[in-house]
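Okay, so here's the structure we're looking at.
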Amino acid sequence: MTVTSIIPTRPVSGLQDPLIPIETHRPTIDPGKRHNAASGVEEAIARAASTADYDAWLDHTASAGGCVRPIQLRGEAHIVSERTGRIISTRHTDDMPDGVIYKACGNRRAAVCPSCAEVYRGDTYQLVLAGLQGGKGIPATVAQHPCAFVTFTAPSFGPVHSARKHRGRDGQLRNQTCRPRRKPDPCPHGIDLRCHQVHHDGEKILGTPLCLDCYDHDHQVVWNALSGELWRRTMERAKDTLRRWANKHGIAVKVSYGKVAEMQARGVAHFHALMRLDGVDPLEPHQPAVPHLTADFALLAAAIRRAVETTRFRSLPNTGNLGSGAVRLGCGEGWSGQVPIG
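In structure tokens:
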């Protein structure tokens with residue numbers, strides 16, 4: 000069974016304002032009665048649930064999976080015979096509840112659509128888990144491969160308020176003073192760059208520059224825009240290091256990885272990656288093989304570290320007010336979180 004000739008009447012996710020949800024019911028409100036947003040939603044839900052066709056409507060919208068901004072499809076739905084290719088029956092969306100077919104937007108950002116983001120998060124978890132212990136077509140022997148968790152962070156673009164933490168002798172993490180200094184530390188603009196407050200996670204001040212004029216906003220914008228290209232070049236450099244080692248020792252290896260990008264409080268992207276070192280079986284080159292004993296975690300870590308320290312390029316001049324600048328990936332404290340797995 001296939002469905003064809005469904006014409007979308009709104010753009011795919013990401014091209015429309017993500018903060019405007021689709022309203023399938025617009026209940027009339029008595030002007031003389033005060034309502035807030037919550038009571039309006041509750042009234043719409045109660046009204047929809049009390050209708051005779053509520054169960055049919057609920058089944059019809061189930062395909063959206065709880066998406067808060069589903070794509071609305073209008074047109075004709077054809078049931079086609081897989082054997083002959085003939086159309087068995089046709090139904091127009093005008094005859095369906097709300098006159099549309101709902102499809103989940105599929106957005107990965109929880110701020111845009113919590114439901115679709117949760118589906119994506121679950122799928123990503125399963126893929127990463129399979130890469131660590133096998134499954135879904137990946138052999139269980141990958142659990143024996145050297146593996147590292149690496150955090151790639153951006154360089155500093157100026158001092159910002161942060162929730163600094165320190166692990167005490169008892170092993171507990173404690174918040175520290177943001178930017179302590181004994182003496183005044185004035186910047187060229189006369190702003191004291193000290194901060195003796197102890198910030199906690201979730202405070203709005205986190206990530207804000209101590210001096211807005213000193214902070215290199217332009218470079219941050221360029222770095223965020225080119226961080227994907229920087230990541231690509233970094234991985235190429237790491238692969239090249241491993242390739243030279245492999246040629247020297249006559250042992251074929253390759254690196255497999257999964258990464259996620261995350262925005263820091265200061266508005267800068269950084270990357271978390273699980274990186275696995277694999278061997279290569281000439282008979283099954285697409286399947287990860289157990290690497291040679293000499294291809295260990297130390298080799299993987301050295302290749303990554305060298306790539307991070309040496310990958311650097313200069314952005315092209317642009318037509319705006321931003322000047323070209325060197326873009327570099329600074330590991331910072333991220334490398335201290337490198338952990339072997341498996």
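Each residue of the sequence shown is one higher than the last, beginning at 0 in numbering that gives the first Met the number 0.
Glycine residues also receive a C-beta, built at the ideal position from the N, C-alpha and C atoms.
- Assignment of Y214 by DSSP, reduced to helix, strand and coil, places it in the coil class.
- Note on A297: under 16 other CB atoms within 10 angstroms of its CB, so exposed under the neighbour-count rule.
- For Y124, the number of other beta carbons within 10 angstroms of its own is below 16, and it is reported as exposed.
- Closest in C-alpha terms to R242, from the list D277, V267, A260, H269, comes D277.
- In the three-state reduction of the DSSP assignment, H269 falls in the strand class.
- Cβ-Cβ separation between P287 and V149: approximately 19 Å, too far for a contact (criterion under 8 Å).
- Apart from sequence neighbours up to five positions away, the residues of its chain that approach R163 with a beta-carbon distance below 6 Å are Q175, ordered along the chain.
- For T92 and V259, the gap between their C-alpha atoms comes out near 38 Å.
- Boundaries of the beta strand (DSSP E) around G74: 70-79.
- Residue burial annotation: N246 is exposed, with fewer than 16 other C-beta atoms found within 10 angstroms of its C-beta.
- Note that the C-beta distance between T152 and H59 is not below 7 Å.
- Under the DSSP assignment, R181 falls outside any beta strand (DSSP E); it carries neither an H nor an E label.
- In the DSSP secondary-structure assignment, K164 is bridged to N174.
- Contact between the region 187-194 and the region 164-174 is absent, with fewer than three C-beta pairs closer than 8 Å.
- About 4 Å separates the Cβ atoms of A237 and A306, confirming a contact at the 8 Å cut-off.
- With contacts defined by Cβ atoms closer than 7 Å, G157 and Y214 form a contacting pair.
- Taken atom to atom, the span from the alpha-carbon of Q263 to that of L72 is near 37 Å.
- Taking 7 Å as the cut-off, the beta carbon of R232 is found closer than this to the beta carbon of T310.
- Straight-line spacing of the CA atoms in D239 and V111 works out to 39 Å.
- The residue from R178, K203, A272 with its alpha-carbon nearest to that of V197 is R178.
- A direct Cα-Cα distance of roughly 20 Å separates D217 from L192.
- Shown here, I250 sits in coil according to DSSP, grouped into three states, outside any helix or strand.
- In terms of Cβ geometry, M274 and A129 do not form a close pair [threshold 7 Å].
- In the DSSP annotation of this structure, T60 is not part of any beta strand (DSSP E); the continuous alpha helix (DSSP H) holding it starts and ends at 53-60.
- Per DSSP, the beta-bridge partners of K102 are I70.
- Here V111 carries a coil assignment [DSSP, helix/strand/coil].
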